[in-house]
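Participant: Residue numbers (the numbering used here): 29 to 256. From the three backbone atoms N, C-alpha and C, an ideal C-beta is built for every residue, glycine too.
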C-alpha cells in the first residue's frame, strides 16, 4: 500500500501487482511438484524439462498479450491527447474525477490533475486512469524465464528427496512426504501473498495436488499407462 501526501490530503492507493506476481510464482512452483511426483527416474527429469518449457511458453504468450494491450491503451491515450484543447480538457476532467472518487476535495483534485498533466500527461493518465506504469511494462521474456525456473524448483523437490534412496518403498514414502510438505509450505505462502487464511490455503493446495495426482493415476490405469 502506498500513501501520497497531496497538501493536507493523503490518498491511499492499494497496489496488488507485486503480490499477484509473487502468488503466480508460488503457483508455478506448486505446479512443478505434482508432475515430478507422478514419475520417477529419467521420466522425472523429462517431466521437469517439458513442464518448465510448457510453463515458459504459456507465460510468454500470456505476458506478450498483456504487454500488447498495455501499449495499445497508451497509444490510444496519446491519440486522444492529440485531438486538441477540447479533448485535452475532457481528459483533464476525467483525471480530476478519478482523484475526487478517491476522496480528494474537488479543488485540490483539480490542482493535482493540472500539476501532473503539466509534468507528464501520458504518464499521469496511464498510471491513474489505465493502471499502467509506463516504466514497468510487462516483460514476456523475463516472465517466461522466471516461470520456468519456479516450475523447475517445484519439480526438483520430490525429485531430489529420493535421489539417493534405492529402496522403492522408502523412495515413495520420501517423495510423498516431501511433496506434501512442499505443497503445504507453498500453499501457505500463496495464501499469505493473496491475503487468504494460511491453514485453509495450505490444506486446499495439498488436497488439490493429491486430487490431481489421483486423477492422473486413474487416467493412466484406464489407458494402461504406468504412473509411479
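Judging by CA-CA distance, which residue of 160, 216, 173, 61 is the nearest neighbour of residue 185?
Facilitator: The residue you call residue 185 lines up with position 157 of the chain shown. Of the candidates 160, 216, 173, 61, the one whose C-alpha sits nearest the C-alpha of residue 185 is 61.
Participant: May I ask you to report which of helix, strand or coil DSSP gives residue 111?
Facilitator: As a first step, residue 111 is located in the chain shown; it is residue number 83 there, counting from the start. Reduced to three states, the DSSP call for residue 111 is coil.
Participant: For residue 35, I'd like the list of residues in its chain whose CB is within less than 6 Å of its CB, leaving aside the five on either flank, ordered along the chain.
Facilitator: Within the chain shown, numbered from 1, the residue matching residue 35 stands at position 7. Residue confidence for residue 35 is low, a pLDDT of 38 falling below 50, so the modelled location carries little weight; the figure read from the coordinates is stated next. Same-chain partners within the cutoff: 136.
Participant: Helix, strand or coil: how does DSSP classify residue 135 here?
Facilitator: Start at 1 with the first residue of the chain shown, and residue 135 comes out as number 107. Reduced to three states, the DSSP call for residue 135 is helix.
Participant: Looking at the structure shown, is residue 130 part of a helix, part of a strand, or coil, going by DSSP?
Facilitator: One-based indexing of the chain shown puts residue 130 at position 102. Reduced to three states, the DSSP call for residue 130 is coil.
Participant: Given 8 Å as the limit, is there contact between the segment 159-177 and the segment 94-113, that is, 3 or more CB pairs closer than that?
Facilitator: Yes: the two stretches touch, three or more of their Cβ pairs being nearer than 8 Å.
Participant: Within 10 Å of its beta-carbon, does residue 156 have 16 or more other beta-carbons around it, so buried, or fewer, so exposed?
Facilitator: By one-based count along the chain shown, residue 156 stands at place 128. So residue 156 counts as buried.
Participant: Tell me the DSSP secondary structure of residue 160 in three-state form.
Facilitator: The residue you call residue 160 lines up with position 132 of the chain shown. It is coil, neither helix nor strand.
Participant: If residue 84 sits next to residue 172, beta carbons under 8 Å apart, how far is it from one beta carbon to the other, in whole angstroms?
Facilitator: To locate residue 84, count along the chain shown from 1; it is residue 56. To locate residue 172, count along the chain shown from 1; it is residue 144. Yes, they are in contact, since the Cβ atoms of residue 84 and residue 172 sit about 4 Å apart, within 8 Å.
Participant: Are the Cβ atoms of residue 220 and residue 227 separated by less than 9 Å?
Facilitator: Within the chain shown, residue 220 is the residue found at index 192, counting from 1. Within the chain shown, residue 227 is the residue found at index 199, counting from 1. Going by C-beta atoms, residue 220 is not nearer than 9 Å to residue 227.
Participant: Using a Cβ-Cβ cut-off of 6 Å (strictly less than) and excluding sequence neighbours within five positions of residue 178, which residues of its own chain qualify?
Facilitator: Counting from one through the chain shown, the residue named residue 178 turns up at place 150. Contacts found: 53, 56, 57.
Participant: Considering just the uninterrupted stretch of the alpha helix (DSSP H) at residue 182, what are its terminal residues?
Facilitator: Mapped onto the chain shown, residue 182 falls at position 154. Run containing residue 182: 168-189, per the alpha helix (DSSP H) assignment.
Participant: On the CB-based measure, 16 or more other CB atoms within 10 Å of its CB, does residue 298 come out buried or exposed?
Facilitator: This structure gives no information on residue 298, because the portion of the chain shown stretches from 29 to 256.
Participant: Can you say whether residue 87 is buried or exposed, counting buried as having 16 or more other CB atoms within 10 angstroms of its CB?
Facilitator: The residue you call residue 87 lines up with position 59 of the chain shown. Per the 10 Å Cβ criterion, buried.
Participant: Going by DSSP, what residue range makes up the alpha helix (DSSP H) through residue 216?
Facilitator: Here residue 216 refers to the residue found at position 188 of the chain shown. Where residue 216 is concerned, the enclosing alpha helix (DSSP H) stretches over 196-222.
Participant: Leaving out five residues on either side along the sequence, give the residues of the same chain with a beta carbon under 6 Å from the beta carbon of residue 112.
Facilitator: For this step, residue 112 is matched to residue 84 along the chain shown. Result list for residue 112: empty, nothing under 6 Å.
Participant: Below 9 Å between beta carbons: does that hold for residue 153 and residue 122?
Facilitator: For the purposes of this step, residue 153 is identified with residue 125 of the chain shown, where counting begins at 1. For the purposes of this step, residue 122 is identified with residue 94 of the chain shown, where counting begins at 1. Contact: yes.
Participant: Is residue 250 buried or exposed, if buried means 16 or more other CB atoms sit within 10 Å of its CB?
Facilitator: The sequence position of residue 250 within the chain shown is 222, counting from 1. Classification for residue 250: exposed.
Participant: Got a sec? Which residues, its chain only, sit under 8 Å from residue 150 by beta carbon, not counting five neighbours each side?
Facilitator: In the chain shown, the residue the question calls residue 150 occupies position 122. Around residue 150: 102, 105, 106, 109, 162.
Participant: Grouping DSSP H, G and I as helix and E and B as strand, with all else coil, what is residue 77?
Facilitator: As a first step, residue 77 must be located in the chain shown, where it is residue number 49. Of the three classes helix, strand and coil, the one that applies to residue 77 here is helix, per DSSP.
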